[in-house]
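Quick note on numbering: numbering that gives the first Met the number 0 labels position 470 of the sequence shown as 469, and the sequence is numbered without any gaps.
Quick notes on the structure that follows.
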Amino acid sequence: MFRHSIFVYILFTAIVPVSLSGQDALFECLDKQLEGLGKTFEAQERPPYFIDFRVNENKLSYLQYSSGNLVQDHSGHNRIMTISTRVGNYHEDNTTVTDVEGYGSYGDNYDSFQLPVEDDSMAINHVIRKEIDRNYKGVLQDYKSNINGKTEKKEKKDTIPAFSKEAPSVYSEPPIENLVDGTFIPRWKALFKEISEIFAKDSNIVMNEMSLTVSNERIYYLNTEGTRIVQNRPQLMLYVFSVITTKERNLVPLFNSYVAKNADGLPGRDQLIADCNKMLAMLNELRKAPLADPYAGPSIFSPEAAGVIFHEIFGHRIEGQRMRSEFDGQTFIDKIGKKVLLDGLTLEFNPTIQEYNGLPLFGSYQYDDEGVKSKAVTVVEKGILKDFLMSRIPIKTHLQSNGHGRAQAGMAPFSRQSNLIVKFDKGETDEAMRKMLVRECKKQKKSYGYLIKEVFGGFTNTMVFSPQVFNIMPTVVYRIYTDGRPDELVRGVTFIGTPLAVFSEIIAYGNKHEVFNGFCGAESGSVPVSTISPSLLIKKIETQKDPDTKVQLPVIPKPSK
C-alpha cells in the first residue's frame, strides 16, 4: 500500500497571481475557466487534485509541388486543446496501479479536441466545460477501478509517486503577428516551378517533390498549481525530395532539407538552385554506383550521421519515463554513477540554446509541455551516466522533472529529447580519422571501410519483448580502400546493430561539430529535435542489404509540352 491513505485527496492549490491579463483573449478565457473549475468541483466527493490546459494554436501555410505541378496550396488556423485531470493525490492517483505493469495509464487522463478559432468566450467555454466533464468522469472511474484493484493486489507495492509537484511558473511572449508577408508564397511558387525544370530534364527521375511549411505556432499552458505559460514556436521547413531509377530499375532517393525560424533564414534562389543541381548530379552518380555487399567492419560516420546514431541508440534509452515500464528494456536503469561510454565523452541535452554557429536548433524551448522550465541536463559526464531526461512522471531515482516533458499537439506529454550536444575532450582531424580507419581495416583484414556522409534518418526499439536493435538509413556512402584507390560511392547500405555493442566499439571522434535538425516520433507524437555532434570512427559495425525494390517503368511516355 502507499503511505498516504486512499481517502486523502487534495483540492486546488492557491492560484499564483499572474500578470498576463489583457495579453490576449484566449489566455483570459482559459485562465477564468480554469479558476472557475475549482469551485465547480468542490461539491464532488472526489474533486481532482490537478488539472491542466494546453492549447496549441497554429496559423499554417503549406505549399507542395510534385513533378513540377502544384498539388497543395493552403493555409489554415486551428486550435488544438489538450486537457488532463488527476484524482487522488500526487503520490497515488488514477494512473498509479498499472505503473508496474506498463507505462501506467499513460495518456488515459488526457483528452484533446478542436477549440473554436474565434475569440468567442461563450463558445470556447462551452466546449471546454463539455470536454472537462467527460474527461473527469472517465478519470474518476479509472481511479475507483485502480483503488479496488490495489486492495486485491496487495503484493504489488510501489513507493514511487504518481506525479511530481513542481513550483509554478509565469512566462509570456508577445504574439508573432506576421511570420511572412503577402508576397512570400507567390515568390516560392515561382521558385518551385523553376527548380522543377532542373529535375524534369532528366528522364531517369521518377519523382520530384518540394514542400514548404510555414508554422506560426503559439502554445498556452495553464494548470491548477498556478503555472501560466504562453510561448511561440515559429518554424519554416523546406524539403526537396527526388528519386532516380538505376539501369536495374531500382529506386534511389535523395533529399535536402532546410529549417528556419523566420523567412530570412531560408536559402535564397541562387543557393537553392545550386544545391538542387548538386543533388541531381549526386543522384546520377548514385544511379551508376554499385550495390554494396553485406559488411562488418570499421566505419566513419559524418557529424550528421553520428548525431542520428547518438539520438537513436542512446537518447531514447535515457528518457526517464521508460523506466516506469517493465515492458521496456531499461538499458540504463541501474547505471547511474557507472561508466556507459568512452572516458572522454560528455552528452548534454540543452533546450535553452536557440542556435549553434548561426544555425537554428529545432529542439529549443523555454518551457516544456508540462509547464516546467527548460534546463541543460548532462546525462553523461566523461563516460559516467549522471542523469535521465525527466517529465513529471517520477522514477525511483528521479522524483522531479527537468523540463523534458514534451508532446505533439493533442498528445499526452512523455519524457523526450531536445537539443543533444555530443562533447569530447579532444578530437581528431578528418585526415587523421581516415588514416586510423585504414589502419583498423588492415588490422581486421578488410580491403575497405565505409564513410557515411549523409543519412535519411533512423529508428530504434527499446521494448523488452523485441530485439534491442537500431537501424540507420544512409543515403550517401563511400568505400575508403586500404590500397590507396579513390573513394568509391556505393548504394543500398543500411546499418544495423545493438546499442551496447556499438558504444564499446567507438575508437575515435572528430574535432568539428555540425548540426542535424529533424523530427522524432515516439509515444507523445512528433517533436522537433536537434543534434550537435562530431564525426565518429567505429571499430566494427554491421550492414545489411536494402530490399530489392524494382519499379515498373511506364508504358506510356510523359506528355510533351
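We treat Cβ as the ideally placed atom computed from N, Cα and C, and that holds for glycine.
Residue i to residue j span [Cα, whole Å]
i, j, result
"Thr-542", "Ile-495", "6 Å"
"Lys-338", "Val-378", "12 Å"
"Leu-265", "Ala-259", "6 Å"
"Gln-63", "Lys-129", "37 Å"
"Gly-87", "Asn-215", "38 Å"
"His-315", "Gly-37", "37 Å"
"Leu-25", "Phe-326", "41 Å"
"Pro-485", "Ser-111", "56 Å"
"Asn-241", "Tyr-61", "The sequence shown places Ser at residue 241, rather than the Asn named in the question. One C-alpha to the other measures close to 19 Å."
"Asn-231", "Leu-178", "11 Å"
"Val-604", "Asp-30", "Outside the modelled stretch of the chain, which goes from 0 to 560, sits residue 604, for which no answer is possible."
"Asp-274", "Tyr-480", "28 Å"
"Pro-174", "Thr-345", "37 Å"
"Pro-115", "His-76", "10 Å"
"Glu-453", "Met-472", "9 Å"
"Gln-32", "Asp-51", "11 Å"
"Asp-482", "Ile-420", "36 Å"
"Met-206", "Phe-198", "9 Å"
"Asp-119", "Phe-423", "54 Å"
"Ile-194", "Lys-277", "12 Å"
"Met-209", "Gly-362", "24 Å"
"Pro-167", "Lys-445", "59 Å"
"Ser-163", "Ala-411", "16 Å"
"Ile-317", "Glu-247", "43 Å"
"His-310", "Gln-416", "8 Å"
"Gln-113", "Lys-334", "43 Å"
"Lys-136", "Val-126", "16 Å"
"Gln-443", "Gly-296", "7 Å"
7 Å Cβ cutoff met for residue i and residue j
i, j, result
"Ser-525", "Phe-518", "yes"
"Glu-303", "Glu-513", "yes"
"Lys-385", "Gly-402", "no"
"Ile-131", "Ile-82", "yes"
"Thr-84", "Asn-145", "no"
"Glu-47", "His-90", "What sits at residue 47 in the sequence shown is Pro, not Glu. Against a cut-off of 7 Å, the Cβ pair of His-90 and Pro-47 comes out as no contact."
"Gly-509", "Ser-529", "no"
"Leu-360", "Glu-369", "no"
"Tyr-220", "Arg-438", "no"
"Ser-400", "Gln-320", "no"
"Val-562", "Tyr-449", "Limits of the chain in this structure are 0 at one end and 560 at the other, which puts residue 562 out of reach."
"Glu-165", "Val-371", "yes"
"Asn-55", "Ile-218", "yes"
"Ile-394", "Met-322", "yes"
"Ile-540", "Ser-298", "yes"
"Arg-286", "Thr-245", "yes"
"Leu-388", "Phe-502", "no"
"Ala-288", "Ile-79", "no"
"Ile-392", "Phe-300", "no"
"Phe-455", "Thr-428", "no"
"Leu-271", "Leu-253", "no"
"Ser-532", "Ala-305", "yes"
Per-residue burial, residue i [other beta carbons within 10 Å of its own, 16 or more giving buried]
i, result
"Ser-256", "exposed"
"Asn-418", "buried"
"Asp-141", "buried"
"Val-70", "exposed"
"Ile-555", "exposed"
"Ala-406", "buried"
"Glu-430", "exposed"
"Lys-425", "exposed"
"Ala-291", "buried"
"Asp-367", "buried"
"Met-121", "exposed"
"Ser-390", "buried"
One or two residues paired with residue i in a DSSP bridge
i, result
"Glu-347", "Thr-377, Ile-420"
"Arg-405", "Phe-413"
"Gln-543", "Thr-493"
"Ala-122", "DSSP lists no partner for Ala-122."
"Cys-519", "Val-526"
"Asn-231", "Arg-217"
"Thr-245", "Answer is none; Thr-245 lacks a bridge partner."
"Leu-237", "Leu-211, Tyr-257"
"Arg-478", "Tyr-449, Glu-487"
"Pro-92", "At residue 92 the sequence reads Asp, which differs from the Pro that was named. Paired residues: Gly-87."
"His-397", "Ile-394"
Neighbour flag for residue i against chain B, beta carbons, 7 Å
i, result
"Val-116", "No chain B is present in this structure, which holds just one protein chain."
Proximity test, residue i beta-carbon vs the ligand ADP heavy atom, cut-off 6 Å
i, result
"Ala-375", "No copy of the ligand ADP appears in this structure; indeed no ligand is present at all."
Exercise for the section: Jot down the residue ranges of each uninterrupted alpha helix (DSSP H) in the segment 143 to 207, minimum 4 residues, whole runs only, in chain order. Expected result: Correct list: 183 to 199.
Practice task
Output the residue ranges of the alpha helix (DSSP H) runs that lie fully inside the segment 11 to 89 and measure 4 residues or longer, sorted by chain position.
Solution key: Runs found: 24 to 40.
Problem - Whole beta strand (DSSP E) elements within the segment 268 to 356, 3-residue minimum - result: Taken in chain order, the complete beta strand (DSSP E) segments of 3 or more residues contained in the segment 268 to 356 are 294 to 300, 344 to 348.
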